[in-house]
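Taken in sequence, the protein lines are chains A and B. Counting from 1, one number per residue, gives the positions in the first sequence under this note's numbering. Counting from 1001, one number per residue, gives the positions in the second sequence under this note's numbering. Virtual Cβ for every residue (Gly too), placed ideally from N, Cα, C.
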Amino acid sequence: MELAQMQKSLQDYTKSLFLEGVLDSQFLQLQQLQDESNPDFVSQVVTLFFQDSDRILNDLSLSLDQQVVDFKKVDPHVHQLKGSSSSIGAQRVKNACVVFRSFCEQQNVEACHRCLQQVKQEYYLVKNRLETLFKLEQQIVASGGMIPAMELGF
Amino acid sequence: MATNSMGNIQKIKKKLKVLIVDDDPLNLKIHEKIIKAIGGISQTARNGEEAVIIHRDGGSSFDLILMDKEMPERDGVSTTKKLREMKVKSMIVGVTSLADNEEERRAFMEAGLNHCLAKPLTKDKIIPLINQLMDA
Chain A
1 MELAQMQKSL QDYTKSLFLE GVLDSQFLQL QQLQDESNPD FVSQVVTLFF QDSDRILNDL
61 SLSLDQQVVD FKKVDPHVHQ LKGSSSSIGA QRVKNACVVF RSFCEQQNVE ACHRCLQQVK
121 QEYYLVKNRL ETLFKLEQQI VASGGMIPAM ELGF
Chain B
1001 MATNSMGNIQ KIKKKLKVLI VDDDPLNLKI HEKIIKAIGG ISQTARNGEE AVIIHRDGGS
1061 SFDLILMDKE MPERDGVSTT KKLREMKVKS MIVGVTSLAD NEEERRAFME AGLNHCLAKP
1121 LTKDKIIPLI NQLMDA
């Protein structure tokens, strides 16, 4: 594929992530922090997010599977995931965590189980989409091209 | 100093020394990058107790301290109170979650903060505070 075409594909793909609400402007803020001194900043931050989230989701599954659910353990995990998803602009994950926390407050186990599934769904979606985005970027760089800057002008 | 079209300082002339206090490695990485992007230098502490030890042992002085609220060992409220008791004169900016209610934010401010910002932090949120520091 031609370089210009790859760059256009990347721009269109990134734009679709914002339009679908998968990412919000915080992701742009991270991209704007990336520079020549740290060209992998965004992927490093996102990798940290993936590592944290995998651990948190595993802990949440275990906590909610207990006979007596200790919401003092569940809520901090959801709070942490909400914070980290917000920090990288994973909007739908963040929103799912907000709903999850409201059911933690009510100590509604059944609803929390449903929320966990929703959070996992949104998380795997954003993970998949971001991995695709980084692959597209790598292809452009490997072809000697520059990653086009993205602006929220749509 | 470089300015954008709005006249805001994008890079600061003097190397501001910033202490970032946060238990989340992801936030630490992002906040360190923000401080570097605006021309400052940063040191990190993983919780409030570390922040207190840094001030007690090294006699370090920072222009700005970014203080997370929820942390293990010693939280942001307790750390801010302790640092003020230790006569730390740095600008301390609390970093709160949007989920924090007004009462929680007020308690944090009353501990001795100069300002409070909601996560996630961005350059645009921090730069006006830096300008204020530079003017002082």
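In this structure, how does DSSP classify residue i when only helix, strand and coil are distinguished?
| i | result |
| --- | --- |
| SER143 of chain A | coil |
| MET1 of chain A | coil |
| LEU1152 of chain B | This structure leaves residue 1152 of chain B out entirely; chain B is present only between 1001 and 1136. |
| GLY1048 of chain B | helix |
| GLY1076 of chain B | helix |
| THR14 of chain A | helix |
| MET201 of chain A | Any property of residue 201 of chain A remains undetermined from this structure, which presents chain A solely from 1 to 154. |
| ASP1135 of chain B | helix |
| ILE1030 of chain B | helix |
| ASN1008 of chain B | Legend: pLDDT at ASN1008 of chain B = 44, less than 50; position of this residue unreliable, no value from coordinates given. |
| LEU1113 of chain B | coil |
| GLN118 of chain A | helix |
| GLN106 of chain A | helix |
| ASP1057 of chain B | helix |
| THR132 of chain A | helix |
| LEU1121 of chain B | coil |
| VAL99 of chain A | helix |
| MET1091 of chain B | strand |
Which residues in chain B have a C-beta closer than 9 angstroms to the C-beta of residue i? List them in chain order.
| i | result |
| --- | --- |
| SER16 of chain A | Ordered by position in chain B, no residue passes the 9 angstroms Cβ test against SER16 of chain A, which lies about 22 angstroms from the chain. |
| PHE100 of chain A | Near PHE100 of chain A there are no residues of chain B at all, since even the closest Cβ is about 12 angstroms away, more than 9 angstroms. |
Residues of chain A with CB closer than 7 angstroms to the CB of residue i, please, in chain order.
| i | result |
| --- | --- |
| ILE1034 of chain B | LEU33 |
| LYS1128 of chain B | In the sequence as presented, Lys is not what sits at residue 1128 of chain B; that position holds Pro. Those within 7 angstroms of PRO1128 of chain B in chain A number zero; the least Cβ separation is about 16 angstroms. |
| SER1097 of chain B | GLY83 |
Since residue i and residue j should fall inside the 8 angstroms C-beta cutoff, what is the C-beta to C-beta distance between them, to a whole number of angstroms?
| i | j | result |
| --- | --- | --- |
| LYS1033 of chain B | PHE41 of chain A | 6 angstroms |
| LYS1119 of chain B | VAL1095 of chain B | 6 angstroms |
| PHE1108 of chain B | LYS1082 of chain B | Not confirmed; about 14 angstroms, so no contact. |
Quick check on residue i - is its C-beta less than 7 angstroms from some C-beta in chain D?
| i | result |
| --- | --- |
| PRO1072 of chain B | Of the protein chains in the structure, A and B, none is chain D. |
For a contact defined as C-beta to C-beta under 9 angstroms, what are the partners of residue i on chain A?
| i | result |
| --- | --- |
| LYS1119 of chain B | GLY83, SER86 and SER87 |
| ALA1037 of chain B | GLN32, LEU33 and ASP35 |
For a contact defined as C-beta to C-beta under 8 angstroms, what are the partners of residue i on chain A?
| i | result |
| --- | --- |
| THR1044 of chain B | The contacting residues do not exist; THR1044 of chain B stays about 14 angstroms from chain A at best. |
Who are the neighbours of residue i on chain B, taking C-beta pairs under 8 angstroms?
| i | result |
| --- | --- |
| GLN26 of chain A | PRO1120 and THR1122 |
| GLN29 of chain A | PRO1120, THR1122 and LYS1123 |
Can you name the residues of chain B whose CB is closer than 7 angstroms to the CB of residue i?
| i | result |
| --- | --- |
| GLN107 of chain A | Going along chain B, no residue has its Cβ under 7 angstroms from GLN107 of chain A, so there is no contact; the nearest lies around 17 angstroms. |
| VAL126 of chain A | What VAL126 of chain A touches in chain B: nothing, since even the nearest Cβ is about 15 angstroms away. |
| VAL45 of chain A | LEU1026, LYS1029 and ILE1030 |
| PHE41 of chain A | LYS1033 |
*Relative to chain A, which residues along the region 1011-1032 of chain B have a C-beta separation below 8 angstroms, given in chain order?*
ASP1024, PRO1025, LEU1026, ASN1027, LYS1029 and ILE1030
*Along the chain, which unbroken stretches of the alpha helix (DSSP H) at least 4 residues long are found entirely within the region 38-83 of chain A?*
41-64
*Relative to chain B, which residues along the region 73-98 of chain A have a C-beta separation below 9 angstroms, given in chain order?*
PRO76, HIS79, GLN80, LYS82, GLY83, SER84, SER86, SER87, ILE88, GLY89 and VAL98
*Return the residues of the region 48-59 of chain A that lie within a Cβ-Cβ distance of less than 8 angstroms from chain B, sorted by chain order.*
LEU48, PHE49 and ASP52
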